[in-house]
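Undergrad:
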Amino acid sequence: MSEDPLHRLYINLGQQGITDLVAAFYKQVPGDDILGPMYPSDEMDAAEARLRDFLIFRLGGPQTYIEQRGHPRLRMRHMPFAIDVNARNRWIALMTNALDEIEISAKDRELMLAFFEHLATFMINRQ
27 MSEDPLHRLY
37 INLGQQGITD
47 LVAAFYKQVP
57 GDDILGPMYP
67 SDEMDAAEAR
77 LRDFLIFRLG
87 GPQTYIEQRG
97 HPRLRMRHMP
107 FAIDVNARNR
117 WIALMTNALD
127 EIEISAKDRE
137 LMLAFFEHLA
147 TFMINRQ
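In terms of my numbering, the sequence shown is residues 27 to 153.
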């Protein structure tokens, strides 16, 4: 059985690199006119921790996310939020900005963006 190519991202970035990426993403969210309203200010730290733990898990690191929250069920968990193409594109834009703030090879950046593009498209739940 071959290993998931995404798992090399955890090896290459490490937990701190993923933590830095997520922090750079969430630094942008409160002032964003599309994504900001989806995140109550008193839940921002918890949302950041969930994304951090999810990415660490998905990219091959410790299973903390699964141990604390179970199966990701991402679409179900995000159903209360209106995620349309504009929200998807903005999420990608902010995550791309966040990638600009961390040290990541061109090859790993390409793999990470492809993963984010797929994930964000999967999350669309409104026309």
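Glycine is no exception: its CB is placed at the ideal position from the N, C-alpha and C atoms.
Closest to residue 113 by C-alpha separation, out of 37, 61, 48, would be which residue?
TA: If we check each option's Cα against that of residue 113, 61 comes out closest.
Undergrad: According to DSSP, is residue 41 part of a helix, a strand, or is it coil?
TA: Helix at residue 41.
Undergrad: Looking at the structure shown, is residue 67 part of a helix, part of a strand, or coil, going by DSSP?
TA: In the structure shown, residue 67 sits in a helix (DSSP, three-state: H, G or I).
Undergrad: Under 8 Å, with one C-beta from each stretch per pair, do the segment 114-124 and the segment 76-84 reach the 3-pair mark?
TA: The answer is no - the segment 76-84 does not touch the segment 114-124, with fewer than three Cβ pairs under 8 Å.
Undergrad: Span of the alpha helix (DSSP H) holding residue 121?
TA: Taken as a continuous stretch (DSSP letters only), the alpha helix (DSSP H) holding residue 121 covers 111-126.
Undergrad: For a quick check, are the C-beta atoms of residue 64 and residue 107 less than 7 Å apart?
TA: For residue 64 and residue 107, yes; Cβs fall inside 7 Å.
Undergrad: With 16 as the cutoff for other CB atoms within 10 Å, does residue 48 come out buried or exposed?
TA: By the 10 Å Cβ count, residue 48 comes out buried.
Undergrad: Could you pull out every residue in the same chain whose Cβ sits closer than 8 Å to the Cβ of residue 89, ignoring the five residues on either side in sequence?
TA: Once the five neighbours on either side are set aside, the close Cβ partners of residue 89 are 83.
Undergrad: Can you check the segment 46-96 for any alpha helix (DSSP H) of at least 4 residues that lies completely inside it and give the ranges in chain order?
TA: Correct list: 70-84, 90-95.
Undergrad: Who are the Cβ neighbours of residue 91 in its own chain at under 6 Å, not counting the five residues just before and after it?
TA: Only 79, 80, 83 meet the Cβ criterion.
Undergrad: How far does the alpha helix (DSSP H) with residue 149 in it reach, from first residue to last?
TA: Here residue 149 belongs to no alpha helix (DSSP H), and DSSP marks it neither H nor E.
Undergrad: Checking 7 Å against the spacing of the C-beta atoms, do residue 73 and residue 117 come in under that value?
TA: No, Cβ-Cβ distance for residue 73 and residue 117 is not below 7 Å.
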